[in-house]
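What follows is a single structure, written as structure tokens, with notes after it.
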Amino acid sequence: MADNKETLGFQAEVKQLLQLMIHSLYSNKEIFLRELISNASDAADKLRFEAINNDALYGNDHELAIKVSFDKAARTITISDNGIGMSRDEVISHLGTIAKSGTKEFFGKLSGDQQKDAALIGQFGVGFYSGFIVADKITVETRRAGLEATDAVRWESSGEGDYSVEAIEKTGRGTDITLHLREGEDELLSAWKLKSIIRKYSDHISLPIQMAKEEWDEEKKETVTKDELETINQASALWARSKSDITPEQYEEFYKHVSHDFAAPLTYTHNRVEGRSEYTQLLYVPAKAPFDLWDRNKRGGLKLYVKRVFIMDDAEQLMPTYLRFVKGVIDSADLPLNVSREILQESRDVKAIREGSTKRVIGMLEELANAEEQDKKDKYATFWTEFGQVLKEGIGEDMGNKDRLAKLLRFASTHADTADQNVALADYVARMKEGQEKIYYVTADSFTAAKNSPHLEIFRKKGVEVLLLTDRVDEWMLSFLTEFEGKELVSVAKGGLDLGQLEDEAEKKEHEETENQYKELVTKMGEALADKAKEVRVTFRLTDSPACLVADEHELSGNLLRMLKAAGQNAPESKPILEINPNHPLVTRLKYENAEDGKFADWTHILFDQALLAEGGTLTDPAAFVKRINEMLLK
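Laid out in structure tokens, this is it:
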């Protein structure tokens with residue numbers, strides 16, 4: 001065996017994470033043992049999975065277990081497993097870098113507030129590096145299953161700028177992690193302390209977690225360690241146990257195991273489903289959105305087991321993309337042990353599991369959303385703040401559950417002055433004015449822009465509630481959500497204004513007369529704006545503003561066009577319609593301007609540009625706008 005010890009530098013993000021953990025997570029230092037035991041459990045799962053097609057990987061060691069030991073004299077704690085182990089390349093890849101999408105965004109969100117940062121680090125998943133919370137040096141000795149004893153590797157680091165890697169000889173497969181404790185951590189060098197931490201955080205682990213037995217030696221008057229091992233945890237798959245045998249604390253700790261989150265879940269469901277497909281599901285909704293929530297390709301929330309044998313931890317076929325925040329376990333009794341991704345895509349059983357699990361998650365959310373208890377209402381408000389925009393994706397992706405999802409949607413509205421999204425569509429319908437036939441909404445890129453949109457003026461005057469939609473996903477969602485309980489959803493910024501029975505006959509007659517009086521002005525303005533506006537027309541949706549822009553009935557809204565352009569997409573070319581308020585002094589004055597006078601064209605362009613700015617648009621020629629304004633001010 002060649003001596004090939006080399007020293008390598010950590011990836012910059014690893015250095016940053018180590019410093020953050022040592023300072024931010026120190027108050028919750030016990031989690032290091034949970035994280036390392038969780039990793040050891042994952043290593044055993046991966047061995048079981050690879051051994052399905054290659055039983056030789058077990059060698060003569062089929063009994064998988066995790067062993068925890070300590071050495072008072074050396075001041076070390078060792079966590080050992082006989083799982084899959086790592087090769088040299090895997091050691092460098094797994095322990096020297098953080099291969100996670102969104103890493104930069106994660107570090108960008110860190111605030112310097114230890115408590116907040118600790119919660120965020122928990123979402124990121126610190127895993128192995130948590131050992132440095134209590135250790136000033138960590139030694140890892142590992143040998144991958146299937147490799148020779150001489151192919152083992154030792155990794156060592158003090159958690160600062162670099163680590164060393166060298167080839168060693170190791171008799172058995174798996175990994176031994178030895179923590180060299182920092183000063184002041186001696187309380188961990190106790191069997192009682194380690195056992196209490198294991199039972200608190202890792203009792204749900206399905207592998208036996210073993211420690212050397214201790215007994216009182218009457219002659220020596222002290223506790224002595226025996227060669228015999230005892231199992232500290234229950235060592236049975238938590239999801240396979242009866243619900244009545246599992247405490248809320250155990251459910252919570254299992255969630256932290258599968259999600260690597262530090263916070264408790266918002267809610268969960270545990271069910272054994274029988275019928276054509278038999279499976280067990282233990283599904284959790286987190287209390288906080290992960291930093292990479294918007295990466296639709298980032299999955300891994302669900303672990304798939306077949307007859308309690310781990311198969312994969314990114315089984316995206318088991319849950320639709322819009323529920324990618326769900327964490328947990330699905331254990332099937334029907335799928336073959338050597339199930340592949342191709343089989344998952346084509347299997348009728350998998351389709352049944354996906355549909356059943358989707359309905360179960362929606363049911364969990366309905367229970368919170370429709371609850372009378374305030375704590376459940378608060379939980380749903382928390383869920384909506386964290387995951388509401390993702391749930392909206394389901395309106396267009398899951399037609400079978402669209403009606404149930406629509407009832408879960410929440411929006412801001414003119415009913416309140418705050419930006420809180422707490423208005424359900426059912427609430428809106430219940431408050432509709434007598435004679436109101438439609439659900440009205442406005443879209444904008446911010447709550448302030450939506451709340452102050454000139455399109456709302458007539459609705460405020462008549463006391464009609466309008467939904468204020470400001471999430472980027474809203475425009476896309478609305479192309480699928482066209483009605484709710486028979487009420488059509490209508491944009492106040494598209495098409496002609498139709499208030500239906502909210503407008504009496506006298507108003508309609510008065511409007512017709514006014515439109516006739518302004519026909520000539522509308523024609524002249526249309527000619528002046530031929531390159532900007534599709535049409536100019538009189539409107540009665542405005543009470544304070546002189547003009548506004550609307551999109552034609554079947555064209556994209558101005559807000560959506562701006563979003564597409566900002567995203568670098570090819571947006572279809574379309575001109576807006578300029579609507580003018582015949583009761584505004586500026587419009588009244590313009591009616592009597594000479595169309596041949598240059599001032600008429602200037603005023604017309606100013607009105608158009610002001611309307612564009614009012615709806616959050618960008619002027620194509622801001623210099624010309626400023627010049628016109630200045631000239632008018634001087635005159």
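Here UniProt numbering is used: the first residue of the sequence shown is 1, the next is one more, and so on. Glycine included, each C-beta is placed from N, C-alpha and C at the ideal position.
Neighbourhood of Leu-207 by C-beta distance below 7 Å, restricted to the same chain and skipping five residues each side: Here residue 207 corresponds to residue number 207 of the sequence shown, with the count starting at 1. The residues are Ser-41, Ala-44, Leu-64, Ala-65, Ile-66, Ala-235.
Run the CB neighbour count on Trp-192, radius 10 Å, all protein chains shown included, and call it buried at 16 or more, exposed below. Residue 192 sits at position 192 when you count from the first residue of the sequence shown. By the neighbour-count rule (16 or more Cβ atoms within 10 Å), Trp-192 is not buried but exposed.
Straight-line gap, Leu-613 to Met-477 (C-alpha atoms, nearest Å): Position 613 of the sequence shown, counting from 1, holds the residue named residue 613. Position 477 of the sequence shown, counting from 1, holds the residue named residue 477. So the alpha carbons of these two residues sit roughly 25 Å apart.
Any idea if Met-211 is buried or exposed, counting beta-carbon neighbours within 10 angstroms, 16 or more meaning buried? Stepping through the sequence shown from its first residue, residue 211 is reached at position 211. Result: buried.
Looking only at its chain, what residues have a beta carbon closer than 7 Å to the beta carbon of Lys-170, apart from the 5 residues adjacent to it on each side? Taking the first residue of the sequence shown as 1, we reach residue 170 at position 170. For Lys-170, where only same-chain residues beyond five positions count, the Cβ hits under 7 Å are Glu-141, Arg-143, Ala-149, Ala-152.
For Ile-330, which of helix, strand or coil comes out of DSSP? Position 330 of the sequence shown, counting from 1, holds the residue named residue 330. Looking at Ile-330 - three-state DSSP - the assignment turns out to be strand.
How would you write the range of the alpha helix (DSSP H) that Ile-84 sits in, first residue to last? Position 84 of the sequence shown, counted from the start, is the residue given in the question as residue 84. Here Ile-84 belongs to no alpha helix (DSSP H), and DSSP marks it neither H nor E.
Is there at least one Cβ from chain C nearer than 8 Å to Tyr-129's Cβ? No chain C is present in this structure, which holds just one protein chain.
Just to confirm, is the Cβ distance from Pro-265 to Ala-237 under 8 Å? Taking the first residue of the sequence shown as position 1, residue 265 is located at position 265. Taking the first residue of the sequence shown as position 1, residue 237 is located at position 237. Contact: no.
Beta bridge counterpart(s) of Leu-8 as assigned by DSSP: Indexing the sequence shown from 1 puts residue 8 at position 8. Bridge partners of Leu-8: Tyr-163.
Secondary structure of Ala-99, DSSP reduced to three states: Working through the sequence shown from its first residue, we reach residue 99 at position 99. The predicted model places Ala-99 with a pLDDT of 49, which falls under 50 and marks its position as unreliable; any figure quoted below should be read in that light. Three-state DSSP puts Ala-99 in coil, outside helix and strand.
For Tyr-284, report the span of its alpha helix (DSSP H) as first-last. Reading the sequence shown from its first residue, position 284 is the one you call residue 284. Looking at the DSSP string, Tyr-284 is not in any alpha helix (DSSP H); the run it does join, the beta strand (DSSP E), is 279-285.
Residue from Asp-81, Lys-433, Leu-408, Asp-403 with nearest C-alpha to Thr-482: As a working mapping, residue 482 is identified with position 482 in the sequence shown. Measuring from the Cα of Thr-482, the nearest candidate turns out to be Asp-403.
Between Phe-49 and Phe-310, how many whole angstroms is the CB-CB distance? I'm expecting something under 8 Å. Taking the first residue of the sequence shown as 1, we reach residue 49 at position 49. Taking the first residue of the sequence shown as 1, we reach residue 310 at position 310. So it is a contact: roughly 6 Å between Cβ atoms.
Is the region 540-547 close to the region 453-460, with three or more CB pairs under 8 Å? yes
Can you tell me which of the three DSSP states Glu-346 falls into? Numbered from its first residue, the sequence shown carries residue 346 at position 346. Three-state result, Glu-346: helix.
Inspect the beta-carbon positions of Met-312 and Thr-358 and report whether they are closer than 8 Å. To locate residue 312, count along the sequence shown from 1; it is residue 312. To locate residue 358, count along the sequence shown from 1; it is residue 358. Against a cut-off of 8 Å, the Cβ pair of Thr-358 and Met-312 comes out as no contact.
Quick check on the burial criterion: 16 or more other C-beta atoms within 10 angstroms. Buried or exposed for Ser-101? Here residue 101 corresponds to residue number 101 of the sequence shown, with the count starting at 1. The predicted model places Ser-101 with a pLDDT of 49, which falls under 50 and marks its position as unreliable, so this point remains unresolved.
Could you compute how far the alpha carbon of residue 638 sits from the alpha carbon of Ser-491? As shown, the chain starts at 1 and ends at 635. That puts residue 638 outside it, with no answer to give.
Check whether the Cβ atoms of Ile-177 and Leu-36 lie closer than 8 Å to each other. Counting from 1 along the sequence shown, the entry for residue 177 is found at position 177. Counting from 1 along the sequence shown, the entry for residue 36 is found at position 36. Yes, Cβ-Cβ distance for Ile-177 and Leu-36 is below 8 Å.
For Leu-179 and Ile-138, which I take to be in contact (beta-carbon distance under 8 Å), what is that distance rounded to the nearest angstrom? On the sequence shown, residue 179 is found 179 positions in, with the first residue counted as 1. On the sequence shown, residue 138 is found 138 positions in, with the first residue counted as 1. Rounded, the Cβ-Cβ distance is 6 Å, consistent with contact.
Please state whether DSSP places Arg-34 in a helix, a strand or coil. On the sequence shown, position 34 is the one that residue 34 refers to. Arg-34 falls in the helix class under three-state DSSP.
Locate the alpha helix (DSSP H) running through Arg-404, then write down its first and last residues. As a first step, residue 404 is located in the sequence shown; it is residue number 404 there, counting from the start. From DSSP, the alpha helix (DSSP H) with Arg-404 extends over 402-408.
Supposed close pair Ile-232, Ile-198 - CB separation, criterion 8 Å: Your numbering for residue 232 matches position 232 in the sequence shown. Your numbering for residue 198 matches position 198 in the sequence shown. Contact flag correct, Cβ pair sits at about 5 Å.
Please list, in chain order, all residues of the same chain as residue 655 whose beta carbon is under 8 Å from its beta carbon, the five residues on each side excluded. This structure cannot speak to residue 655, because the chain is shown only from 1 to 635.
Out of curiosity, what's the CA-to-CA distance linking Asn-422 and Gly-184? Here residue 422 is taken as the residue at index 422 of the sequence shown, counted from 1. Here residue 184 is taken as the residue at index 184 of the sequence shown, counted from 1. Straight-line Cα distance between these residues: approximately 49 Å.
Among Asp-609, Glu-631, Met-632, the one whose alpha carbon lies nearest that of Asp-621: As a first step, residue 621 is located in the sequence shown; it is residue number 621 there, counting from the start. Nearest of Asp-609, Glu-631, Met-632 to Asp-621, Cα basis: Asp-609.
By the 10 Å Cβ neighbour count, where 16 or more other Cβ atoms means buried, how is Leu-405 classified, buried or exposed? Working through the sequence shown from its first residue, we reach residue 405 at position 405. Leu-405 is buried by the Cβ-count criterion.
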